[in-house]
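Chains as they are written, first to last, in the working numbering: chain A, 4 to 519; chain B, 4 to 547. In this text, a Cβ means the ideal position worked out from N, Cα and C, and glycines have one as well.
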């Protein structure tokens, strides 16, 4: 333990000095120190394991990153990647069942009954109401029969009763991830559970969970003005690329996906070659790796799925949407940028920092502090994702009495300034120093570090890129910022959306709430 | 039991948009707080993302579900669970769980100065940073009723105004090049100054923080900026149904005029002057009302000397009196807010909760685990998993440190299932009294708490924050250990006893924010409905 602490100290002291001296080569020796406590192993089935030793306390965190996101949702089944993420908490062939062989048969009957019901339901001509009702009843009975074998929520409960905290998962456009933290004496139990749900998940209670997911959509999108705005914005900004489709799925599609589709999705994308599992904490790689290899190596291999290849065609005309509803005004705009592999990736990060980070940020100073027209305003890169060409977006939240148009004009003024004059030395320096400090502070957090390592390993094939990125950041110049701003912040590359407050319609006359 | 650090308002928590001290975080965080709810699509709602929780988080510590229980929000009747005797092999039971590595969390050093100021020092040499915080007693619950918003704006304008020697704008620039921060904030029970930097910048940054503490120069234009932000918040407070339900239900629990629930209005915000900020400052910033804590890469002896030099000269001020208020709980009934542009109802079922000093707190904590502590808990199992009626569902019999918390249960459900979901949650609440936890349920509830206990003190920062919070509220330093022992002793009979003692369905208020035309059967199925008017009182005149 003392050895490891020593290494960390050497690493971080060096960085502190580097941050001050701007010694761009300073991180290299520290990276070497960090490498000593990090082990990467690609298993025979293609799965990548990362173990980073940080024995500060007897706990560990993991981050399983599956390189599949909502951009991989099949045509007509938007929301399926996210739906599967929910199913990954429903257990395995061993966890969550009282009798898997019997349950398997019952679940197959559910699928057959659903398919029969669905076929009748979708008939455009000649739908038979009586037959439909019978088929629906059959489907419901099949579900009830299958539920007899379920031990509900046993998977998550097993984690929780063994001390898991922060247990969750998320689905994005670019990836799906699973994570929690646990006392370190549960490492093997976790390896058993995690490898099990990846290799042998069971889509039990699928149709109840589909209802739950629809409630999630209602909360985040339908009943939340900003959520509805974001959905419309992306659907407008993208013509061909699946970034146009919401991760939660369109209501008509997420309400109709079935467990057979989810199983096919799993078979195609949840193959070991398509995932990275990072473990950080009180773990000794020498002891743990054989055990981890046993569990994760048992996941059946499969071909790496073919990549999603749609490329968004260049935008050639400005697009603009106005939402008129009884919600407070808001303004959001975006410009297409290349994906994260672009040589200018760090330049976009510089612009984000200079426009948005803290009270020295340009948008804050201009819109909030000096012009007094916004309560908040920021610009940020990689929206909604960065695996594929995403957007560089700006938003402004007007204070009462001010309008989205004023946000737009003020933001454009700042963009114009960026295009026509250099950023200051000080601004560029703030960005570089803060990038180092931010990276460094993240190192004391098992969960955050596991996430970073898994992401960089997935994106670059090497977690060390996380540290090398600082070199790239150090090389960003004022000329780069101006060049990139002139390249992408042009009218024909812009999509904007605004909410214009419009008073609600006259009160309904019918009495449905029953309120007196 | 929630993270101690969540209990007190801290400047950095309020300012995540404006600072970058938290290190690299998830994508959803980096792309603006507005979009977090819309974009981070998760199997569970992360703590603080539900708008009801957000709207009360800063003002009502007790209602913020614990980091764990908000993330874990679970009920099939106990009898059903018991009946599920597994026939299948359970391979995980054969996996060895070795003893946990020996670990003694390092306790911070406590120093009390003659003037009453308390210092906690926590060395942590992993990274080359030093972070500090000063908690100052008195918060928004003590502000005058005609000036609601004063403390929040004080917390904002204090830092943006700066000191007599250096303006806030100049401070911004100076700190940014160091990747350092100094922030101030105002919350329910306290205000705060926090700072953080690379260790080699400590002397400079700490010096500026102390200047800000002792020699602020409140400026009219910075107050005006805070007033604009408050006004923006007021104008937007009816956009999100979850936020409305959270706010209105809290007003029912404590009373609309209660210091624990009242809300800022355009008029109360406009009434605040720079003199009010200065007067608040002069009254509050006294050493006998402050706790200073420092954590990071330093030597305690040297640090103690620096802090003594900075704070020993301060003269003791008048004693800070304890806040007094009456707590009667809500007038029972069904309360409804019509919002015609939503397709989901936000349902809150609320009553008065308790304090952590209550000897029954241990049994209530176990009851909370059985009720809503995770995927395996009753309300999650029943309302979400079995019925599929909600994504967000949870609750807790809340306990705050120095006043009663809220007993809050909540669910978000499509309009047509509003009544069904409400009845389902009420059923689970009722069963807490009639169906004692089965031996298996009790074991699971306790295992949840005990096996994750290490996460109360797995970092030096958490250990420090725990001690600061306990000291702030006058709890004994070994509170956490006692809590652990207390949980271990709770029996099924204890749980049923406290459920019957504290839960009274006839004293609960049901608040629904939803779309009246879609809610069928109507809410009147649940009882007499009172419609709530949430119209925002217009500003008399545009502020100064």
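Notebook entry, point to check: Where does residue 377 (chain A) sit, in a helix, a strand or coil, going by DSSP?
Noted result: It is a strand residue.
Check: What number of angstroms, rounded off, separates the C-alpha of residue 212 (chain B) from the C-alpha of residue 447 (chain B)?
Finding: Between residue 212 (chain B) and residue 447 (chain B), the C-alpha separation is close to 47 Å.
Next item on the list: Rounded to whole angstroms, what's the CA-CA distance from residue 39 (chain A) to residue 294 (chain A)? Just pull it up for me.
Entry: Answer to the nearest angstrom: the Cα atoms are 20 Å apart.
Next item on the list: For residue 284 (chain B), decide whether its Cβ has a neighbour in chain A, counting only Cβ atoms nearer than 8 Å.
Entry: Under the Cβ distance rule, residue 284 (chain B) does not count among the residues neighbouring chain A, no pair being separated by less than 8 Å.
Next item on the list: Could you check which residue in A:73, A:468, A:90 has the C-alpha nearest to that of residue 82 (chain A)?
Entry: Comparing Cα-Cα distances from residue 82 (chain A) to each of A:73, A:468, A:90, the minimum goes to A:73.
Next item on the list: List the whole-angstrom C-beta distance separating residue 351 (chain B) from residue 424 (chain B), where the pair is believed to meet the contact cut-off of C-beta under 8 Å.
Entry: No, residue 351 (chain B) and residue 424 (chain B) are not in contact; Cβ-Cβ is about 12 Å, not under 8 Å.
Notebook entry, point to check: Taking only beta-carbon atoms, is residue 568 (chain A) less than 8 Å away from chain B?
Noted result: In the structure as shown, chain A starts at 4 and stops at 519, and residue 568 (chain A) therefore has no counterpart that could be examined.
Next item on the list: May I ask you to list the residues that DSSP assigns as paired with residue 338 (chain A)?
Entry: Residue 338 (chain A) pairs with A:395, A:497.
Check: residue 452 (chain B): buried (16+ other C-beta within 10 angstroms of its C-beta) or exposed?
Finding: Buried, since its Cβ has 16 or more Cβ neighbours within 10 Å.
Checklist line | Collapsed DSSP secondary structure at residue 314 (chain B) in the structure displayed | finding: The answer is helix: DSSP assigns residue 314 (chain B) an H, G or I state.
Next item on the list: With a floor of 4 residues, list each alpha helix (DSSP H) that falls wholly inside the segment 67-124 of chain A, ordered by position along the chain.
Entry: Look at the segment 67-124 of chain A and you find these whole runs of alpha helix (DSSP H), each 4 residues long or longer: 83-90, 103-124.
Check: Is there at least one Cβ from chain B nearer than 8 Å to residue 406 (chain A)'s Cβ?
Finding: Residue 406 (chain A) has a beta carbon lying at 8 Å or more from every beta carbon in chain B.
Next item on the list: State the DSSP-derived secondary structure class of residue 134 (chain B), mapped to helix, strand or coil.
Entry: Note: residue 134 (chain B) maps to strand in three-state DSSP.
Notebook entry, point to check: Interface residues of chain A around residue 208 (chain B) at Cβ under 8 Å?
Noted result: Chain-ordered listing is empty here: chain A has no CB closer than 8 Å to the CB of residue 208 (chain B), the nearest sitting near 13 Å.
Check: From this set, A:411, A:269, A:202, which residue's C-alpha is nearest residue 500 (chain A)'s C-alpha?
Finding: Checking every option, the nearest Cα to that of residue 500 (chain A) belongs to A:411.
Next item on the list: For chain B, find out if any of its Cβ atoms is closer than 8 Å to the Cβ of residue 432 (chain A); answer yes or no.
Entry: It does; some Cβ of chain B falls within 8 Å.
Notebook entry, point to check: According to a CB-to-CB cut-off of less than 9 Å, which residues of the segment 211-241 of chain A neighbour chain B?
Noted result: Contact annotation: in the segment 211-241 of chain A, residues whose CB is within less than 9 Å of a CB in chain B are 211, 212, 213, 214, 215, 216, 217, 218, 219, 220, 221, 222, 223, 224, 225, 226, 227, 228, 229, 230, 231, 232, 233, 234.
Next item on the list: Specify, as a first and last residue, the run of the beta strand (DSSP E) that residue 123 (chain B) falls within.
Entry: First-last of the beta strand (DSSP E) with residue 123 (chain B): 121-126.
Next item on the list: Would you give the residue range spanned by the beta strand (DSSP E) that residue 113 (chain B) belongs to?
Entry: 112-115 is the extent of the beta strand (DSSP E) around residue 113 (chain B).
Check: Do residue 300 (chain A) and residue 449 (chain A) come within 8 Å of each other at the CB atom, strictly closer than that value?
Finding: With a cutoff of 8 Å on beta-carbon distance, residue 449 (chain A) and residue 300 (chain A) are scored as not near each other.
Notebook entry, point to check: When the distance is taken between beta carbons, is residue 504 (chain A) closer than 8 Å to residue 329 (chain A)?
Noted result: Note that the C-beta distance between residue 329 (chain A) and residue 504 (chain A) is below 8 Å.
Item checked: Uninterrupted alpha helix (DSSP H) stretches inside the segment 281-313 of chain A (no shorter than 4 residues) -> Listed in chain order, the alpha helix (DSSP H) runs fully inside the segment 281-313 of chain A are 288-299, counting runs of at least 4 residues.
Next item on the list: Drop a sphere of 10 angstroms on the beta-carbon of residue 379 (chain A), count the other beta-carbons inside from all chains shown, and report buried for 16 or more, exposed for fewer.
Entry: By the Cβ-count criterion, residue 379 (chain A) is buried, with 16 or more other Cβ atoms from all chains shown falling within 10 Å of its own Cβ.
Item checked: Chain-order list of residues whose beta-carbon lies under 6 Å from that of residue 226 (chain B) (same chain, five-residue window excluded) -> These residues qualify, in order along the chain: 160, 277.
Next item on the list: State the start and end residues of the unbroken beta strand (DSSP E) segment that holds residue 2 (chain B).
Entry: Since the displayed chain B opens at 4 and closes at 547, residue 2 (chain B) lies outside it and no answer follows.
Checklist line | Residues near residue 190 (chain A) by beta carbon distance below 7 Å, same chain, minus five either side | finding: For residue 190 (chain A), the CB contacts under 7 Å within the same chain, skipping 5 residues up- and downstream, are 63, 286, 291 in chain order.
Notebook entry, point to check: Got a sec, what are the start and stop residues for the alpha helix (DSSP H) residue 233 (chain B) sits in?
Noted result: Per DSSP, residue 233 (chain B) belongs to the alpha helix (DSSP H) from 223-239.
Notebook entry, point to check: Under 8 Å between C-beta atoms, does residue 536 (chain B) make it to chain A?
Noted result: Taking Cβ atoms only, chain A never reaches closer than 8 Å to residue 536 (chain B), which makes this a no.
Check: Where does residue 346 (chain B) sit, in a helix, a strand or coil, going by DSSP?
Finding: In this structure, DSSP gives residue 346 (chain B) a state outside helix and strand, which the three-state scheme calls coil.
Check: Of all the residues that make up the segment 179-204 of chain B, which are near chain A by a beta-carbon distance shorter than 8 Å?
Finding: Taking 8 Å as the Cβ-Cβ cut-off against chain A, the residues of the segment 179-204 of chain B that qualify are 179, 180, 181, 182, 184, 201, 202, 203.
Notebook entry, point to check: Can you tell me whether residue 104 (chain A) is buried or exposed, with buried defined as 16 or more other CB within 10 angstroms of its CB?
Noted result: So residue 104 (chain A) ends up on the exposed side.
Margin query: By the three-class DSSP mapping on this structure, what secondary structure does residue 341 (chain B) have?
Written below: Residue 341 (chain B): strand per DSSP, three-state reduction.
Note to self: Could you check whether the segment 129-143 of chain A touches the segment 151-166 of chain A, counting it as contact only if at least three pairs of C-beta atoms, one from each stretch, sit closer than 8 Å?
What the structure shows: The segment 129-143 of chain A, when compared against the segment 151-166 of chain A, does not touch it at the 8 Å Cβ threshold.
Next item on the list: With DSSP as the reference, label residue 378 (chain B) as helix, strand or coil.
Entry: Here DSSP, grouped into helix, strand and coil, assigns residue 378 (chain B) to coil.
Next item on the list: Find the nearest neighbour of residue 398 (chain A) within the set A:85, A:236, A:320, judged by alpha-carbon distance.
Entry: It is A:236 whose Cα lies nearest to the Cα of residue 398 (chain A).
Check: Whose CA, out of A:376, A:193, A:55, lies closest to the CA of residue 520 (chain A)?
Finding: No statement about residue 520 (chain A) is possible, as the shown extent of chain A runs from 4 to 519 and does not include it.
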